[in-house]
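Residue numbers (our numbering), protein chains in the order written: chain A, 89 to 396; chain B, 89 to 396. The C-beta atom is built at its ideal place from N, Cα and C for all residues, glycine as well. Just so you know, these numbers come straight off a predicted model, no measurement behind them. Following: one structure in structure tokens, then a few remarks.
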């Protein structure tokens, strides 16, 4: 089995991953400091970027050389056109994106300071998140990755993945607790954020969350905790992989980059320790760059980072 | 001379107004309260709206039945396409809008609370505001209206208006003091915000600003001061028109609506007292509606409001 860092990985996968969930237009302003009250505040930088968990994961997979499609929900408005154009331009197959007549596409503004503190104001149309009528056709897919933002679609996709005998990955980020718990039970691979894991397990630390998941979840689990690293395992064992030391300037979408890289390693059949190290490196690299998921690295960049 | 409120005004103008200056995409979030620190904050409402002073003025003129064109500067990006599409859809002739190759269109986010307090974070590309190479062709125009956001264009347009013998109106809002002062000297009609007037005159109150303008400015002047009303005059006299009593929920672009209505009255040849009353009513109506310049009223709405 090849290791990340070897050029053998440049060949990429043969079967695509289906990412299921959020697609929103984020406007991100980098500020010296967050506004403390009314007034006009000039940003150091600003970008408008199509992301949302599933979309950011899909774009990250594409940058890592993976074959990937997105199943998400957008309005039939101008923002929806740009969302699809921007994610398609990353090499993601957006032909499955659902356009909801009369609905407005999701968008948000994020004020971010140099320390990574954020004010987020999102606007999502409830109609966008209505459950889909039918399960996705997974023939030809290597894996499914879901988030907690479009629960009806995630549930159908995880059930279909189980039926098809392919990995069903859940990004268990913070969301309604009953949603996360239902989806955790359907996923073969759960990769949770520190906050999401704490919601599900009631634990106080990521390690404790991982220990509880190791006994409570039948499949693979991981708990990502930023600079503290990642606790992961399956079948009762818990291992820890430290995070690379970097100077973080923008952690937005770092979790999505981790998930994208994780899915790439999984479907390419790497050893899990190598997959986690690769995903940790990809997420760390993203944190060194402003612009949410626009900072997602390519595979050669991650390989060069790991080879330091 | 007909008065606002009479149906005779429905016939509108025969010659167009040229609005010169800012064009930006604003995303406006209405919040229960402004964010006090990091976190996620769900808005009560949100809109994405093409505005900026000149563009909002032009769209307001169109809603009031006026014939109007916009001379502004946008990037050759997707935001620029939407800016032009949205302002064109209001009935504004956008054929003169300059697209700057390689520049990014201006955009901003505005967090607004129920009392109208705002956090504004704008992002403007300096390349956008480079002075134009040539003066506009004003043949066929009834008047020019300029703002302080694109000073090179405003200067050329005000000089050309003087040359053509048509009104050259300046929206003297807050901006670099030397810019405002230079443009004030070129305009036949100065309509200043309270803050802009204070910058130019050094006065402490809008009335005092108006008194100083009445002796220092050769043409017409007005100082708008929100709920305190408007001080205006020419040739040494100062008059005051009170503001209609309304419950303001969004004052964003109210000044632009006032300016648009002012220009309509001016080119239609109304008595100045009627023009100021009409503009005050239009601006007040706007303040009762969320969404920046999207709240600009139509002429029948202003007439109905004045007829109360």
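The bridge partners DSSP lists for residue 113 of chain A are A:138, A:195. Setting aside the 5 residues that flank it on each side, residue 209 of chain B is surrounded in the same chain by 196, 197, each with a C-beta closer than 7 Å to its C-beta; the list follows chain order. Checking the DSSP bridge columns, you'll see residue 208 of chain B partnered with A:128, B:198.
Counted as a single uninterrupted DSSP element, the alpha helix (DSSP H) harbouring residue 360 of chain B occupies residues 360-375. In this structure, the beta-carbon distance from residue 351 of chain B to residue 268 of chain B does not fall below 8 Å.
Of all alpha-carbon atoms in A:183, A:151, A:125, A:349, the one lying nearest the alpha-carbon of residue 160 of chain A is that of A:183. No Cβ-Cβ contact shorter than 8 Å links residue 119 of chain A with residue 229 of chain A. The C-beta distance from residue 108 of chain B to residue 241 of chain B rounds to 5 Å, short enough to fall under 8 Å. In this structure, residue 126 of chain B sits away from residue 192 of chain A, with a CB-CB distance that is not shorter than 8 Å. Proximity of chain A to residue 166 of chain B at the Cβ level (cut-off 7 Å) is accounted for by 170, in chain order. Contacts between residue 206 of chain A and chain B, judged by CB atoms closer than 7 Å, involve 126 in chain order.
DSSP, reduced to helix, strand and coil, places residue 334 of chain A outside both helices and strands of the structure shown, so it counts as coil. Residue-level contact check: residue 209 of chain B touches chain A, since one or more beta carbons of chain A fall below 8 Å from its beta carbon. For residue 115 of chain B, at least one C-beta of chain A is nearer than 8 Å to its own C-beta. Cβ contact annotation for residue 295 of chain A (same chain, cutoff 6 Å, sequence separation greater than five): 319, in chain order. For residue 119 of chain A, the C-beta contacts it makes with chain B under 9 Å involve 209, in order along the chain. Taking C-beta atoms as the reference points, residue 115 of chain B and residue 134 of chain B count as a pair closer than 8 Å. Taking residue 181 of chain A as the centre and dropping the five residues before and after it, the same chain places the C-beta of 157 closer than 6 Å to its C-beta, in chain order. Assigned with DSSP and collapsed to three states, residue 108 of chain B falls in strand.
The beta carbon of residue 144 of chain A lies closer than 6 Å to those of 341, 344, 381 in the same chain, with the five residues before and after it left out. Apart from sequence neighbours up to five positions away, the residues of its chain that approach residue 285 of chain B with a beta-carbon distance below 6 Å are 297, 311, ordered along the chain. The C-beta of residue 388 of chain B has fewer than 16 other C-beta atoms within 10 Å across all chains shown, which makes the residue exposed. Interface residue (Cβ-Cβ distance to chain B less than 8 Å): residue 382 of chain A is not classified as such. From the beta-carbon of residue 123 of chain A, the residues of chain B found nearer than 7 Å are 207. Going by beta carbons, residue 287 of chain A and residue 265 of chain A fall inside the 8 Å limit.
In summary, no residue of the segment 314-347 of chain B has a CB separated from any CB of chain A by less than 7 Å. Where residue 162 of chain A is concerned, the enclosing beta strand (DSSP E) starts and stops at 156-163.
Assignment of residue 278 of chain B by DSSP, reduced to helix, strand and coil, places it in the strand class. By the neighbour-count criterion, in which a residue is buried when 16 or more other Cβ atoms sit within 10 angstroms of its Cβ, residue 136 of chain A is buried. Ranking B:153, B:263, B:117 by CA distance to the CA of residue 199 of chain A puts B:117 first. Judged by DSSP secondary structure, residue 350 of chain B falls outside any beta strand (DSSP E) and instead within the alpha helix (DSSP H) spanning 342-356. Taking 8 Å as the upper bound on Cβ-Cβ separation, chain A lies near residues 195, 197 of the segment 185-198 of chain B.
Bounds of the alpha helix (DSSP H) holding residue 248 of chain A are 239-252. Across the set B:313, B:368, B:323, the C-alpha of B:368 shows the shortest separation from the C-alpha of residue 332 of chain B. In this structure residue 149 of chain B is in contact with residue 348 of chain B, their Cβ atoms being roughly 4 Å apart against a cut-off of 8 Å. When the Cα atoms are used, residue 334 of chain A and residue 129 of chain A turn out to be separated by approximately 28 Å.
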